[in-house]
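Structure, as structure tokens:
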Amino acid sequence: MSTSEYPFTPLSFEVRPGIRMAYLDEGPQDAPVILMLHGNPSWSFLWRRWILGLRDQYRCIAPDHVGMGNSDKPDDAHYTYTLDSRIDDVEALLAHLGITGPLTLAVHDWGGGIGFGWAMRHPAQVARLLITNTGAFPLPKAKRLPRSLWLGRDTWLGAFLIRGLNAFARGTAHIGSVRRLPADVFRGFIAPYNSWANRRSVLRFVQDIPLGKGDRAWDTIERMGAFLPSLADRPALIFWGLKDFVFDRHFLQGFRDALPNAQVHAYQDAAHYVLEDKAEVSLPLVRQFLAANPVESAA
């Protein structure tokens with residue numbers, strides 16, 4: 001997909017035998033790296049405004065997770081749709097690009113679990129943090145899993161709605177912003193998920209939500225929660241929409257507790273897609289934060 005809203009030409013590499021992972025690599029190759037990790041049900045389209053506004057000074061790398069965006073969408077026989085697989089894929093991407101030095105980690109939604117999962121393996125590479133409406137620890141005790149997620153995670157009806165009617169991608173595009181998304185932006189968010197087969201990963205992400213022992217992602221997310229405070233000495237900017245029905249004030253408080261020195265900008269008039277609701281204010285804040293906390297190139 002290449003439009004006025006997404007004026008990029010994706011690159012790709014074979015992340016696993018026979019499986020192609022798409023990614024954007026925008027900006028000077030010798031510039032400081034920002035690794036931008038999306039969640040579910042979005043794709044690198046989520047980061048488009050930040051990439052356009054930062055690529056003059058930074059190397060912006062934004063993958064589409066397997067099954068999402070412009071990446072291949074394999075069946076379950078050829079890919080294991082789990083959190084640990086996603087972390088492995090990001091590790092493979094950075095190895096493919098030869099990036100072994102410090103970088104800025106930017107995360108949203110499942111990108112938090114994936115990004116901080118990668119960070120557990122490579123803590124020395126994490127120089128700065130840009131955190132938006134995500135999680136990197138078990139569901140807070142004060143937070144109940146929304147019924148819509150339970151439906152998709154644990155019932156055949158929810159699975160049918162997600163894969164048959166594209167209910168999760170369309171629904172998130174509807175309620176993920178406090179303002180009505182322009183038609184071309186709405187279409188951009190849901191464009192990759194245009195068939196039953198192409199919605200497999202959307203469902204698998206929901207089914208992989210870890211709630212307790214026995215869930216495949218539980219051990220990783222539990223270790224991640226214990227690891228997160230070790231990054232409290234890294235410069236961190238938290239940019240949060242408080243009307244997010246999943247990643248709400250309870251998740252925000254989890255990050256405040258783990259990263260007490262973080263710079264926090266939280267908005268009552270913004271929701272899950274905070275980068276849409278607060279597009280005009282987010283980029284200047286990010287540029288100021290990056291300029292105030294410089295790092296070297298990661299290449």
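First residue of the sequence shown: 1, per the UniProt record's numbering; consecutive thereafter. Heads up, the beta-carbon is just placed ideally off N, CA and C, and yes, glycines get one too.
Taking each of L259, L211, R200 and A92 in turn and checking the Cα distance to G158, the smallest one comes out for R200. P123 is bridged by DSSP to nothing; it lacks a bridge partner. In terms of CA proximity to A77, I19 leads the group I19, W218, G164 and F289. Taking 7 Å as the cut-off, the beta carbon of N70 is found no closer than this to the beta carbon of G241. Taken through DSSP and simplified to helix, strand or coil, S282 comes out as helix. For the segment 177-235, the full-length alpha helix (DSSP H) segments reaching 4 residues or more read 183-190, 200-207 and 218-227 along the chain.
Around the beta carbon of F247, 16 or more other beta carbons sit within 10 angstroms, so the residue counts as buried. Counting the other CB atoms within 10 Å of its CB gives R121 a total below 16, which places it among the exposed residues. Under the Cβ criterion (8 Å, minimum of three pairs), the segment 201-210 counts as touching the segment 134-151. Taking A279 as the centre and dropping the five residues before and after it, the same chain places the C-beta of R49 closer than 7 Å to its C-beta, in chain order. Contact between the segment 33-42 and the segment 99-115 is present: three or more C-beta pairs spanning the two stretches fall below 8 Å.
The three-state secondary structure of T134, taken from DSSP, is strand. A check of alpha carbon separations from M68 across H96, A167, M21 and A226 identifies M21 as the nearest. At the C-beta level, A169 and V126 stay beyond 7 Å of one another. C-alpha of Q29 to C-alpha of L161: approximately 42 Å in a straight line.
Proximity of the segment 179-187 to the segment 281-289 falls short of the contact definition, fewer than three beta-carbon pairs being nearer than 8 Å.
The beta carbon of T82 is closer than 7 Å to those of D208, R216 and A217 in its chain, skipping five residues each way along the sequence. Around the beta-carbon of E26, 16 or more other beta-carbon atoms lie within 10 Å, marking it buried. Residues L228 and P229 of the same chain have their beta carbon placed closer than 6 Å to that of A258, with the five preceding and five following residues left out of the count. If you check the CB distance, H96 and G39 do not come in under 7 Å. DSSP places L145 outside any alpha helix (DSSP H), giving it a letter other than H or E. Between the alpha carbons of A236 and I131 lies a distance of about 7 Å. Distance check between G113 and each of G152, D88, L94 and A124 places D88 closest, using alpha-carbon atoms only.
In this structure, DSSP gives V274 a helical state, which the three-state scheme calls helix. In the displayed model, A266 falls within a strand according to three-state DSSP. For the set R86, N261 and E276, the Cα lying nearest the Cα of I221 is the one of R86.
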